[in-house]
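I have placed the structure first, in the form of structure tokens, so that the comments after it can refer back to it.
Residue numbers (this note's numbering): -18 to 133.
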């Protein structure tokens, strides 16, 4: 299993940041690599919410992934899972208010992605490309956090 964590300060209150991060229909406008979002469930964001998201990768190819909210404690954290090709991913987002200092009133957002290979090929690739894959994932998570922070 590999784990990648990224933390970013967002200069907005937790309630605002939570709304931006959980507004699934607006992901196309807010995330620079997302080109389509298809909601698979109705109702407010919470445990059980599912959607498909299509992104443009660095090489120009498109990839569509399905996501499901497994846990949700508004406005503190949510956990999303995604069955990938040869691996399963779990992303935990946490939102912590900044209570002191010059960034008081802001929010520290952390996303932790855990990836578990589910097929022999996935295990082999994780072994061979582990460091490169982690850096690629970290860059993608950081870009998403930056995009969403700009929208908050």
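Backbone N, C-alpha and C fix where the C-beta goes; we use that ideal spot for every residue, glycine too.
Keep in mind that this is a model prediction, so the values were computed, not measured.
Just the C-alpha distance for residue 16 and residue 47, rounded to the nearest angstrom, thanks. 14 Å
If you draw a straight line from the C-alpha of residue 61 to the C-alpha of residue 39, how long is it? Approximately 23 Å between the Cα atoms of the pair.
Candidates 74, 99, 10 and 14, of which the one nearest residue 90 by Cα: Nearest option by C-alpha distance: 74.
Return the Cβ separation of residue 78 and residue -1 in integer angstroms, given the expectation that the two are a contact with Cβ distance under 8 Å. With 8 Å as the limit, residue 78 and residue -1 do not qualify as a contact, their Cβ atoms being about 11 Å apart.
Should residue 80 go down as buried or exposed, given a rule of 16 or more other Cβ atoms within 10 Å for buried? Exposed, because fewer than 16 other Cβ atoms sit within 10 Å of the Cβ of residue 80.
Using DSSP bridges, identify the partner residues of residue 21. Residue 21 pairs with nothing; no bridge assigned.
Just to confirm my understanding: we take residue -15, look at its own chain, exclude 5 residues before and 5 after, and list those with CB closer than 6 Å. What are they? Hits under 6 Å: 94, 115, 118 and 119.
Three or more C-beta pairs below 8 Å linking the stretch 21 to 38 and the stretch -12 to -4: no
How long is the line joining the alpha carbons of residue -10 and residue 11, rounded to whole angstroms? The straight-line gap separating the alpha-carbon atoms of residue -10 and residue 11 is approximately 17 Å.
Spatial distance of residue 13 from residue 59 (CA atoms): 22 Å
Reduced DSSP category for residue 174 - H, G, I as helix; E, B as strand; rest coil: Residue 174 lies beyond the stretch modelled for the chain, which goes from -18 to 133, so this question has no answer here.
Would you mind reading off the limits of the beta strand (DSSP E) that contains residue 78? 68 to 78
Please report the residue range of the beta strand (DSSP E) in which residue -17 lies. -17 to -9
Which of helix, strand or coil does DSSP assign to residue 27? coil
Cβ distance (whole Å) where residue -8 is taken to contact residue 87 below 8 Å: 5 Å
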